[in-house]
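To convert, count from 1 in the sequence shown and add 94; that's the working numbering.
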Amino acid sequence: MQPQIKTTQEIELMRVGGKKLAEIMRELKKISRVGVSTAE
């Protein structure tokens, strides 16, 4: 099975998506606390 080679555009889209995800994860970490439910 040959690996799929990504284009420059695909790599840039992955980079942008990764940065957005990192920001979301940082925000979630700030508000996450032990004992707090997902409904809160």
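Cβ coordinates follow ideal geometry from the N, Cα and C atoms, glycine included. All of these numbers come straight from a predicted model, not from anything done at the bench.
Query raised in the report: From residue 128 to residue 121, what does the alpha carbon distance come to, in whole angstroms?
Result: Here residue 128 is taken as the residue at index 34 of the sequence shown, counted from 1. Here residue 121 is taken as the residue at index 27 of the sequence shown, counted from 1. For residue 128 and residue 121, the distance between alpha carbons rounds to 16 Å.
Requested in this report: Note down the Cα distance separating residue 109 from residue 118, rounded to an integer number of angstroms.
Outcome: As a first step, residue 109 must be located in the sequence shown, where it is residue number 15. As a first step, residue 118 must be located in the sequence shown, where it is residue number 24. Roughly 14 Å between the two C-alpha positions.
Query - DSSP-derived helix/strand/coil call for residue 109 - result: Translated into positions along the sequence shown, residue 109 becomes position 15. Residue 109: helix per DSSP, three-state reduction.
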